[in-house]
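J.: So that you can map any letter, position 65 of the sequence shown is 74 in the numbering used here, and since no number is skipped, the others follow by simple counting.
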Amino acid sequence: MLVEKFFDHISNWSKFWFGLIFLGSIINEMANQSGMFISVPSLYLWTYGLGAMIGLIAKIRGAWF
């Protein structure tokens, strides 16, 4: 029962989780490699937050573009 609810949640919110985990990690690595954001404290929170926001917008719209 609990496992089914968990997997239902994952499948319903897949765009959000994709944005948070995948896009957040890509944006984080790009920001780290650029060197322009060295002085930004907690950069990973901002980059993963941006990925989560992109995923949430995609979930609400129903499509990525």
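Think of the CB as a built atom: it goes at the ideal place given N, C-alpha and C, for glycine as much as any other residue.
Here's the rule I'm using: 16 or more other beta-carbon atoms within 10 Å means buried, otherwise exposed. How should Gly28 be labelled?
T.: Looking at its Cβ environment, which holds 16 or more other Cβ atoms inside 10 Å, Gly28 is buried.
J.: Could you spell out the range, first to last residue, of the alpha helix (DSSP H) harbouring Gly58?
T.: That run of the alpha helix (DSSP H) goes Leu52 to Arg70.
J.: Could you tell me whether the region 58–66 touches the region 18–35, where touching means 3 or more Cβ pairs closer than 8 Å?
T.: Judged by Cβ distances under 8 Å, the region 58–66 makes contact with the region 18–35, as three or more pairs qualify.
J.: When you compare only the Cα positions, how much space is there between Met39 and Arg70?
T.: Their backbone Cα atoms lie some 26 Å apart in a straight line.
J.: Between which two residues does the alpha helix (DSSP H) harbouring Met39 extend?
T.: Element bounds for Met39: Gly33 to Ser43.
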